[in-house]
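Count the sequence shown with this note's numbering and you get residues 1494 to 2264, in order. Note that the Cβ used here is the ideal one computed from N, Cα and C, for glycine as well.
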Amino acid sequence: MMFNQTVLEFPKILAQIKNYAETDIGKLNVMGIEATNNSDLIKVWLDEVFEAKTMIERYDTSPMGGVLNVAEQIKRASLGSTLSIEDLLNIVSLVEAVANNQRYIRKIRQLEISCMTLNHYYDELVTLTMVKTEIDKCIDVKGQIYDDASEELATIRKKLTVNQKRVTEKMDSLLKSESQKLTDSIITIRNNRLVLPVKAEFKNSFKGIIHDQSSSRETVFIEPMGCVEINNLIQTLYLQESDAIEKILARLSGIVGDHATELMSNFNLLTTLDVIFAKAKYAIANDGTKPEITDNTIHLIKGRHPLISKELVVSNTIHFGRYRSIIITGPNTGGKTVALKLLGLLSIMVQSGLLIPVDEGSKTMVFSNIFADIGDEQSIEQSLSTFSSHITKIIKILESVDSKSLVLLDELGSGTDPKEGASLAISIMDYLRESKAYTMVTTHYPEMKLYAFNLDDTVNASVEFDIDTLRPTYRLQIGTPGTSNALEIAKRLGLRNDIIEHAKKVSLSFDNQTSVLMKKLEIQSIELNQEIDDYKSKKNALELRNHEIQKVLDQTKKDQNKAYVELEKYKAEIIEKTKEEAMELIKELDIMRKQESFKEHELAKLKHDIKNLGTDPILMKKINQKKISIGDIVTVIPYQKQGIVMKLAGANKYEVQMGILTSVFSEDQLEYSDRKSNEQKVRVSVTRSSSPKVELDLRGMRFEEAMMALEKHIDDCLINNLEFTYVIHGYGTGALRKGVQELIRKNKQIKSSRVGGEGEGGSGVTVLYFK
1494 MMFNQTVLEF PKILAQIKNY AETDIGKLNV MGIEATNNSD LIKVWLDEVF
1544 EAKTMIERYD TSPMGGVLNV AEQIKRASLG STLSIEDLLN IVSLVEAVAN
1594 NQRYIRKIRQ LEISCMTLNH YYDELVTLTM VKTEIDKCID VKGQIYDDAS
1644 EELATIRKKL TVNQKRVTEK MDSLLKSESQ KLTDSIITIR NNRLVLPVKA
1694 EFKNSFKGII HDQSSSRETV FIEPMGCVEI NNLIQTLYLQ ESDAIEKILA
1744 RLSGIVGDHA TELMSNFNLL TTLDVIFAKA KYAIANDGTK PEITDNTIHL
1794 IKGRHPLISK ELVVSNTIHF GRYRSIIITG PNTGGKTVAL KLLGLLSIMV
1844 QSGLLIPVDE GSKTMVFSNI FADIGDEQSI EQSLSTFSSH ITKIIKILES
1894 VDSKSLVLLD ELGSGTDPKE GASLAISIMD YLRESKAYTM VTTHYPEMKL
1944 YAFNLDDTVN ASVEFDIDTL RPTYRLQIGT PGTSNALEIA KRLGLRNDII
1994 EHAKKVSLSF DNQTSVLMKK LEIQSIELNQ EIDDYKSKKN ALELRNHEIQ
2044 KVLDQTKKDQ NKAYVELEKY KAEIIEKTKE EAMELIKELD IMRKQESFKE
2094 HELAKLKHDI KNLGTDPILM KKINQKKISI GDIVTVIPYQ KQGIVMKLAG
2144 ANKYEVQMGI LTSVFSEDQL EYSDRKSNEQ KVRVSVTRSS SPKVELDLRG
2194 MRFEEAMMAL EKHIDDCLIN NLEFTYVIHG YGTGALRKGV QELIRKNKQI
2244 KSSRVGGEGE GGSGVTVLYF K
C-alpha cells in the first residue's frame, strides 16, 4: 500500500483541518491522518463525517472545551503516583466535557438528527460524577485546597490563623514602640519570616535576627527576638500543612487511578470525536460532499482543487467510463498538471475519510495504491538528471502497480530525445495497460495522441485554451486531444502574415490521409462522448430527484398513518367517555322521574346535555389544527414564546425565529397562533413563582439556552421582590460572562452588578441588584 501524499500536497489539507480541531491532542491526531485501502473502513469514516456535518448544520458542534491532554496524568495515577492540583483540575475538566457531550447527544436525538454511525462514541462515554465531586470538595476552581478537605488540615490551618494573629499583633506593637528606629511602618517578609525594616544605625541595638538588607544598605530587615519562637511554630505548621495537602492529593489521585480505564476511554473517545468534527467543519467550509464508493467507477462531477481559492478555482468533471487511461496532451503551462493533482488529491482525501469538493452524485473507487510522479525535481544527492529522476521513480511504480492502482505521471518521457522519449512513453503505457491500472498522464508528444486514438481503453484529453485571451481556461476536455495553437498565437502576437501562411503550407505537407481521418474520427468521438455525458448527467439528476420525492412521499405516508392512529385513539376515548356520561344522565333521569319535585326545565337540560355528548374540545382542537406554513406566527410550546416560521427544515421540522434567536423545532412542539389575536385586547396576569432560588447556574448550557434562562430568572426575582441574585457562569471562554453583562446593560430593572467576592465564586459569578 503506497500513497504519494506529499507530492499531491495532502499535508497542506491536514494543516487546514487542524485549525478546526478544538483540543491540542485533536490537532496532533489530525496531522497523523493517513489514507487506507480498506473500503469498509472508508465508508464508515465518510458516514461519520457526513453525520457530524449534518449535526453542525442543523444544531451545533460537539462541545470539546476543557479536554486537555491528560493521558500521561491518568497513566501516572494508575501506577500510584500523586497528581498535582493542576492535574486534578484537568481531570475535572475531562469529566465535565463528558457530561457536556452527553447533554449534546441527547439534544441531537431529541431533534431527531441522524447520528447512527456516531452513536456508539457517545454511548460508550462513562459518567464519572463521583470523581468530580470528590475533587471539587477539596479543591476550588482557583486551585486552592479547602480548609475542610481533611480534619488534619482544618486543625493545622486553625492553629496557623491563631499564631499568625499573635505574631502580627507583636509586630504591630513594635511598629509603634520602635517607630524611630524603623525606615517604614510596614511588616514585610524575608526568607518566609515576618521582619521589620530597621535603620542600619540601630541594627546592633535592635534585638533580633537579621535576614536581609536593602541595596542602599540603609535598611536591614530584622526578625524581632520576641517573634522568633512564634515564627518557628508557624514554619512548623506550614510544613505540617504541606504534608496534609500531600495526603489529600494522594487520596484524590488514588480515586483517579481507580477509574483510570474509564477516564482514558473517555479521553480517547472525545479526542476521536474532535477529529471527526474537525473534518466536518472543513467539509462545510469547502463545500465537501460524500461520494458514492464503488468497485470500479470514477466519476467526479465538477471537482474543485481544495488548495485553490474559491474565487479562482475552475471545476472539472473527471470521468473514466469504459477507459482505464487518460492521456492529456497540449502545451506546457496549460493546467495539465493541475488536473493530475486534482484526481490524486481528491482520491487520497476520500481514502482518508474526508468529504471532497465535488457535486452530488459523484462516484469513486478505492485504490490499492496511488502513485504520482509530478514535477521535475532532481535528486541532488544522487546527481541525477530530470530524465533519470523520473525514470527512477517510474521503475519503483512499475514494480508495485496492480489493477487497483491509480498512476499519475506528469510529462511522461520528457527530458530526452523526443523520438526516444515518445517511444519510451508508449512502452510504459503499454505495460500499465497490461497491468489494468487506472492511469492519467500528461505529455506534449503528438505520437501519444495517435496512440490513445487507436485503443479502446485509452482516451485523449486536453485543457481548453482561449485563443482570444491567449490564456488556458483550465477546463479539462476528455475526448479532445491537445493542440499547440502555435500558428494562431504567433499571428495574434504580430508575426508577419506571409511567414504564417508559409508555415501552414509546410504543416499541410506533413499531413497524410491517416491524420485527416483521425481528425474526423476524433470529432465524432467527442460528439458521441458529449452525448453520453449529457445522458448520464440527466439520468443522475433524475434519479436524485426521484429519490428525494420518494423520501417526501414516505415521510408523508408515515405522518398520515401516525395522525390516523392518534385520531382513532381519540375517537375511541371520546366514545367511551360518551357512553359513561350517557349512563350517568339516564340514571339521573330515572331518579328525577320518581321524584315529586320533577321539573320540565330540568328534563330539557338533561336532553341538551345528552345531545352535546362527544364534542370534546381537545379532540376538536386536534382536528381543526391549521397546517403550519412559512410566515405563520406560532407558539413554541417548550419555551411558551411566540415566533415566526422562517423556513422548512426537514420532514415536519421548521426553523422559527424568536426575537434574535433562531432554532429548529418539530411540528408537535409548535402551536399555530391566529394573527387576528394581535388586534384583540390582551389581559396580562402575573403570578408569583414559588420560592425562586437566589442563584442561577448557567454552566453547561448553550449560549441561547443560558440567555433565555437568565431572562426568566430575572423576571421571577422581580415578581418575588428579591433584592439580589447570584448568576454562576464559570470561567470557560468568557462567552457566557459577556452575554450576562450585555443582558444586564440592556435590562432597566437591574440597579447594579458586581463580580463575586472571595467565597462567592470570584470572577466565575456575577451578583445582580434589582431596583
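Buried versus exposed call for G2124 [16 or more other C-beta atoms within 10 Å across all chains shown]: Locating residue 2124 in the sequence shown gives position 631, counting from the first residue. Under this definition G2124 is an exposed residue.
Close-in-space but distant-in-sequence residues of the same chain around L1838 (CB under 6 Å, 5 per side omitted): Start at 1 with the first residue of the sequence shown, and residue 1838 comes out as number 345. Only L1501 meet the Cβ criterion.
Presumed contact (8 Å Cβ cut-off) between E2164 and I2130, rounded CB distance: Your numbering for residue 2164 matches position 671 in the sequence shown. Your numbering for residue 2130 matches position 637 in the sequence shown. About 6 Å; that satisfies the 8 Å criterion.
Top-ranked residue by Cα proximity to G1750, from D1580, S1698 and T1782: For this step, residue 1750 is matched to residue 257 along the sequence shown. Comparing Cα-Cα distances from G1750 to each of D1580, S1698 and T1782, the minimum goes to D1580.
Buried/exposed call for H2040, threshold 16 Cβ in 10 Å: In the sequence shown, the residue the question calls residue 2040 occupies position 547. Answer is exposed; the Cβ neighbour count stays below 16.
Short Cβ contact (7 Å threshold) for M1941 with L1836: Along the sequence shown, read from residue 1 onward, the residue named residue 1941 stands at position 448. Along the sequence shown, read from residue 1 onward, the residue named residue 1836 stands at position 343. Not closer than 7 Å, so no.
C-beta atoms of I1727 and L1689 nearer than 7 Å: Translated into positions along the sequence shown, residue 1727 becomes position 234. Translated into positions along the sequence shown, residue 1689 becomes position 196. Not closer than 7 Å, so no.
Three or more C-beta pairs below 8 Å linking the stretch 1726-1742 and the stretch 1631-1643: yes
Within 7 Å, strictly: CB atoms of I1811 and A1954: Within the sequence shown, residue 1811 is the residue found at index 318, counting from 1. Within the sequence shown, residue 1954 is the residue found at index 461, counting from 1. The answer is no: Cβ separation not under 7 Å.
C-beta contact flag for N1978 and F1946 at 7 Å: If you number the sequence shown from 1, residue 1978 lands on position 485. If you number the sequence shown from 1, residue 1946 lands on position 453. Taking 7 Å as the cut-off, the beta carbon of N1978 is found no closer than this to the beta carbon of F1946.
Distance between beta carbons of G1519 and V1768, contact taken as under 8 Å: Taking the first residue of the sequence shown as 1, we reach residue 1768 at position 275. Taking the first residue of the sequence shown as 1, we reach residue 1519 at position 26. So it is a contact: roughly 5 Å between Cβ atoms.
DSSP bridge partner residues for E1785 (one or two, in chain order): By one-based count along the sequence shown, residue 1785 stands at place 292. Per DSSP, K1856.
Exposure label - E1527; buried when at least 16 CB within 10 Å: Reading the sequence shown from its first residue, position 34 is the one you call residue 1527. When all chains shown are included, E1527 counts as exposed.
Secondary structure of V1563, DSSP reduced to three states: As a first step, residue 1563 must be located in the sequence shown, where it is residue number 70. V1563 falls in the coil class under three-state DSSP.
Alpha-carbon spacing of S1672 relative to Q1706, whole angstroms: Reading the sequence shown from its first residue, position 179 is the one you call residue 1672. Reading the sequence shown from its first residue, position 213 is the one you call residue 1706. Each residue's alpha carbon lies about 18 Å from the other.
Under 7 Å between C-beta atoms of K2264 and K2244: Sequence index remark: in the sequence shown, residue 2264 carries index 771 (1-based). Sequence index remark: in the sequence shown, residue 2244 carries index 751 (1-based). Yes, Cβ-Cβ distance for K2264 and K2244 is below 7 Å.
CB of I1841 within 7 Å of CB of I1863, strictly: As a position in the sequence shown, residue 1841 is number 348, starting the count at 1. As a position in the sequence shown, residue 1863 is number 370, starting the count at 1. Against a cut-off of 7 Å, the Cβ pair of I1863 and I1841 comes out as a contact.
Proximity winner among N1779, T1654 and L1618, relative to K1803 (alpha-carbon distances): To locate residue 1803, count along the sequence shown from 1; it is residue 310. Nearest option by C-alpha distance: N1779.
Spatial distance of I1786 from K1856 (CA atoms): Start at 1 with the first residue of the sequence shown, and residue 1786 comes out as number 293. Start at 1 with the first residue of the sequence shown, and residue 1856 comes out as number 363. Looking at the backbone, the Cα of I1786 and that of K1856 are separated by about 6 Å.
Burial state of G2250, where buried means 16 or more other Cβ atoms lie within 10 Å: Along the sequence shown, read from residue 1 onward, the residue named residue 2250 stands at position 757. Under this definition G2250 is an exposed residue.
Contact under 7 Å by Cβ, A1753 with I1888: Within the sequence shown, numbered from 1, the residue matching residue 1753 stands at position 260. Within the sequence shown, numbered from 1, the residue matching residue 1888 stands at position 395. No, the pair does not count as a contact, with Cβ atoms beyond the cut-off.
Assigned exposure category for Q2133 - 16 Cβ within 10 Å defines buried: By one-based count along the sequence shown, residue 2133 stands at place 640. Result: exposed.
Beta carbon of A1776 nearer than 7 Å to that of L1848: Looking up residue 1776 in the sequence shown gives position 283. Looking up residue 1848 in the sequence shown gives position 355. Their beta carbons are under 7 Å apart, which means A1776 touches L1848 by this criterion.
For R1551 and S1916, the rounded distance between their alpha carbons: The residue you call residue 1916 lines up with position 423 of the sequence shown. The residue you call residue 1551 lines up with position 58 of the sequence shown. Distance between the alpha carbons of S1916 and R1551: 57 Å.
Integer Cβ distance of E2248 from V2233, believed to fall under 8 Å: What you label residue 2248 is simply residue 755 of the sequence shown in a count that begins at 1. What you label residue 2233 is simply residue 740 of the sequence shown in a count that begins at 1. The question names Glu, but residue 2248 is Val in the sequence shown. The beta-carbon distance between V2248 and V2233, rounded to whole angstroms, is 11 Å. This is too long to meet the 8 Å contact definition.
Between the CA atoms of A1647 and G1701 - distance to the nearest angstrom: Position 208 of the sequence shown, counting from 1, holds the residue named residue 1701. Position 154 of the sequence shown, counting from 1, holds the residue named residue 1647. Cα to Cα, the separation comes out at about 32 Å.
Per-residue burial, K1505 [other beta carbons within 10 Å of its own, 16 or more giving buried]: By 1-based counting over the sequence shown, the position of residue 1505 is 12. Answer is exposed; the Cβ neighbour count stays below 16.
Outcome for Y2028 when other beta-carbon atoms lying within 10 angstroms are tallied against a minimum of 16: By 1-based counting over the sequence shown, the position of residue 2028 is 535. Classification for Y2028: exposed.
Helix, strand or coil at L1501 [DSSP, three-state]: Here residue 1501 refers to the residue found at position 8 when the sequence shown is read from its first residue. Three-state result, L1501: coil.
Status (buried if at least 16 other CB within 10 Å, exposed otherwise) for D1903: Here residue 1903 corresponds to residue number 410 of the sequence shown, with the count starting at 1. So D1903 ends up on the buried side.
Element boundaries [alpha helix (DSSP H), containing F1880]: The residue labelled residue 1880 in the question sits at position 387 within the sequence shown. Element bounds for F1880: T1879 to S1893.
Residue closest to K1696, alpha-carbon to alpha-carbon, out of S1571, P1717 and T1935: One-based indexing of the sequence shown puts residue 1696 at position 203. When only C-alpha atoms are compared, the closest one is P1717.
Under the three-state DSSP convention, the category P1556 falls into: Translated into positions along the sequence shown, residue 1556 becomes position 63. In this structure, P1556 counts as coil in the three-state DSSP scheme.
Cα-Cα separation between I2025 and E1853, rounded to whole angstroms: Sequence index remark: in the sequence shown, residue 2025 carries index 532 (1-based). Sequence index remark: in the sequence shown, residue 1853 carries index 360 (1-based). When rounded, the distance between both Cα atoms is 19 Å.
Between the CA atoms of P1974 and I2137 - distance to the nearest angstrom: Position 644 of the sequence shown, counting from 1, holds the residue named residue 2137. Position 481 of the sequence shown, counting from 1, holds the residue named residue 1974. Whole-angstrom Cα-Cα distance: 57 Å.
DSSP three-state assignment for L1687, whether helix, strand or coil: As a first step, residue 1687 is located in the sequence shown; it is residue number 194 there, counting from the start. DSSP, read as helix, strand or coil, puts L1687 in strand.
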